[in-house]
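Engineer:
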């Protein structure tokens, strides 16, 4: 009896074998979008990791071919779910919906996780039971990624619903596991000074070998703390974005350095959200740091933080330098560029208020600032004067007594 044909963009059941050395091998046949049937293998120390590596390898090899273009009119409820995924990706790219990095990540999730699990099914067969089983399996595989996968799957099914291919968006009917809120870590002023001291001490350490470390990390830390910039926004600052001569010096956040997701590092006039564009008044100590850099900058330079070739530094340059200092000085791994933004959020919230904190960080809603950035103060406001109104006999006290 002939084996059942598998649709393009999908693979057969994964077969696993434990080898003599104790490691595991996973293999499966897959069909490329050009119709060619091939086999892939992957090895790892555990069966789950071997399967994960195999799925990732198949997804990577699928990138070498292109899914057949299907117009909405050609799709039917009996079309494979992979065709609906392709239609969704084409729509997102055509209208450039969302950030480029987000689009690339969503495409990766579709290729690596959704297509292998659901791609061969007819669209009409993607029911609530199927989606629930898919979510449960992905949740067991990687909890945080499972939520992201469901977000993408909901968008795909939204398109299927709009095209009349699905009776309901079953992905939206699945209840997701609640997020476990982590305690917000925002370095205190003392911890920030310890970080500053460690950066300088590492740069000036005795017996240092190799070239002298530059002040990139030291100054980026001050920029983030003095502007609330995201790390990509901080390294993307240009001299034309600074107004240091005004009575109220400001930094205009209008772009960022983009890197990763198979993109060459480059500056782009795009930000994370619409409200991320902002003009931030900056404190005097940051003006001093920026003026110092300006005096030492190469003539005609574009970026505040740039390499010897004139290109902007990237976020990874800062992450790498900070990681080295943390390990050398024994500083907590929680001290990362993002935690510096949380220090800004917490300080502004405590001294000025939540709305001001959200505005400085470029958040569209203060709820985001409150839930994820500003550390909650443990001390409630002093309202003893109000509570006195509830004291025993307060109702019989004469006004003014």
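In the numbering used here, the protein residues as written are 1431 to 1831. Beta carbons are placed, not taken as given, at the ideal position from N, Cα and C, and that holds for glycine.
1) From what residue to what residue does the alpha helix (DSSP H) around residue 1682 run?
2) To which residues does DSSP link residue 1736 through a beta bridge?
3) Can you name the start and end residues of the beta strand (DSSP E) that residue 1711 belongs to?
4) Report the three-state DSSP secondary structure of residue 1689 (helix, strand or coil).
5) Return helix, strand or coil for residue 1546, following the three-state DSSP convention.
6) Alpha carbon to alpha carbon, what distance is there between residue 1455 and residue 1697?
7) According to DSSP, is residue 1431 helix, strand or coil?
8) Excluding the 5 residues flanking residue 1632 on each side, which residues of the same chain have their C-beta closer than 8 Å to its C-beta?
9) Please state whether DSSP places residue 1441 in a helix, a strand or coil.
10) So residue 1748 and residue 1647 are in contact, right, with Cβ under 8 Å, and what is the actual spacing, rounded?
11) Which value, in whole angstroms, describes the spacing of the CA atoms of residue 1450 and residue 1477?
12) Taking its Cβ as the centre, do 16 or more other Cβ atoms sit within 10 Å of residue 1610, making it buried, or is it exposed?
13) State yes or no: is the C-beta of residue 1769 within less than 8 Å of the C-beta of residue 1779?
14) Tell me, please, which residues DSSP counts as bridged to residue 1460.
15) Of all the beta strand (DSSP E) runs that stay within the bounds of the segment 1745-1802, which reach a length of 3 or more residues?
16) What do you reckon, are the CB atoms on residue 1666 and residue 1545 nearer than 8 Å?
17) Give me the Cα-Cα distance between residue 1635 and residue 1625, rounded to the nearest whole angstrom.
18) Smallest Cα separation from residue 1548: which of 1525, 1529, 1579?
19) Would you list, in sequence order, the uninterrupted alpha helix (DSSP H) runs of no fewer than 4 residues that lie entirely inside the segment 1574-1640?
20) Suppose you measure from the CA of residue 1663 to the CA of residue 1504; what does that come to, to the nearest Å?
21) Is residue 1453 near the ligand MG, with its Cβ less than 7 Å from a heavy atom?
Structural biologist: In short:
1) Counting along the chain, residue 1682 falls outside any alpha helix (DSSP H), though it belongs to the beta strand (DSSP E) covering 1680-1683.
2) Residue 1736 is bridged to 1742.
3) Here the beta strand (DSSP E) through residue 1711 covers 1708-1711.
4) strand
5) Reduced to three states, the DSSP call for residue 1546 is helix.
6) 43 Å
7) Unreliable positioning characterises residue 1431 in this predicted model, as indicated by a pLDDT of 48, which lies under 50. A coordinate reading is not provided.
8) 1643, 1754, 1755, 1758, 1759
9) strand
10) 6 Å
11) 14 Å
12) Exposed, because fewer than 16 other Cβ atoms sit within 10 Å of the Cβ of residue 1610.
13) It is not a contact, given that the beta carbons lie outside the stated cut-off.
14) 1441, 1468
15) The segment 1745-1802 contains no whole beta strand (DSSP E) run of 3 or more residues.
16) It is not a contact, given that the beta carbons lie outside the stated cut-off.
17) Roughly 15 Å between the two C-alpha positions.
18) 1579
19) 1619-1633
20) 44 Å
21) No copy of the ligand MG appears in this structure; indeed no ligand is present at all.
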